[in-house]
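Structure follows, in structure tokens:
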């Protein structure tokens, strides 16, 4: 299976069309997205997943800067809500503290739920990216429509109003204020191995991510299809210096191909 990385929404894919490319669906919606891969047996059903994400968003809205890592839980689920009675860690643990199965089996289910939670957060983050992009486009279209209505020529329209537009977008969290918010792809790449088949190849078309991996020392070799490939434990693609504790999915090996 060829799986797009890091984004799970086709609208955010920046590479060329690739036959057989699919997108991961972490199970937030009632039905799988078209042309997406939703693994069977996800530990969190859509109802529980939605409740957890809503808790996170409500908590995140307390922050003035939506780019703060805490807003989207970009570090780990353990760090989110730390010290709070609404602890995400506690909610995830309680799901499997039912005495069913061995201690090892319950821990495995809990670890899988944490991995799914990371992917759910990334999915929700992408939804916000698309929402802000639509808002920005709507504002631009509105200015252009006003130009046509009042007869402002192109030269005049590129002056003071464009500055005002940038200031307006800076209050919406849009990209025009120069505060680009990056998807926490390092945590995404560590969570995916919990749910994808071993033969899966992640396809990345983001040159900035590839540059990070090169600087980190991951060696990519060109295959017969012209794609650069590398196989390594997921935690190395997550740019860690050593194996993480309590993240079993990150210990699994992944193959990633670069689409230039």
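In the numbering used here, the protein residues as written are 39 to 298.
Think of the CB as a built atom: it goes at the ideal place given N, C-alpha and C, for glycine as much as any other residue.
Touching by the beta-carbon criterion (3+ pairs, under 8 Å), the stretch 233-240 and the stretch 289-297: Using a C-beta cut-off of 8 Å, the stretch 233-240 makes contact with the stretch 289-297, since at least three inter-stretch Cβ pairs fall below that distance.
Distance, residue 81 Cα to residue 164 Cα: Straight-line spacing of the CA atoms in residue 164 and residue 81 works out to 22 Å.
Minimum C-alpha distance to residue 230 - residue among 286, 89 and 143: When each option's Cα is compared against that of residue 230, the closest is 286.
Residue 255, buried or exposed, once every other Cβ within 10 Å from all chains shown has been counted against 16: Residue burial is scored here from C-beta neighbours: residue 255 has fewer than 16 other C-beta atoms within 10 angstroms and is therefore classed as exposed.
Residue range of the unbroken beta strand (DSSP E) whose run includes residue 247: No beta strand (DSSP E) holds residue 247; the alpha helix (DSSP H) holding it covers 245-254.
Residue interval of the beta strand (DSSP E) (run including residue 285): Unbroken run through residue 285: none, as it is neither H nor E.
Inter-residue spacing [alpha-carbon to alpha-carbon] between residue 92 and residue 261: Straight-line Cα distance between these residues: approximately 43 Å.
The beta strand (DSSP E) enclosing residue 42, as first and last residue numbers: Run containing residue 42: 40-43, per the beta strand (DSSP E) assignment.
Burial state of residue 297, where buried means 16 or more other Cβ atoms lie within 10 Å: The C-beta of residue 297 has 16 or more other C-beta atoms within 10 Å across all chains shown, which makes the residue buried.
Burial state of residue 89, where buried means 16 or more other Cβ atoms lie within 10 Å: So residue 89 ends up on the exposed side.
C-beta atoms of residue 44 and residue 61 nearer than 7 Å: Their beta carbons are not under 7 Å apart, which means residue 44 does not touch residue 61 by this criterion.
Nearest residue (CA-CA) to residue 276, options 265, 151, 228 and 244: With distances taken between Cα atoms, residue 276 lies closest to 228.
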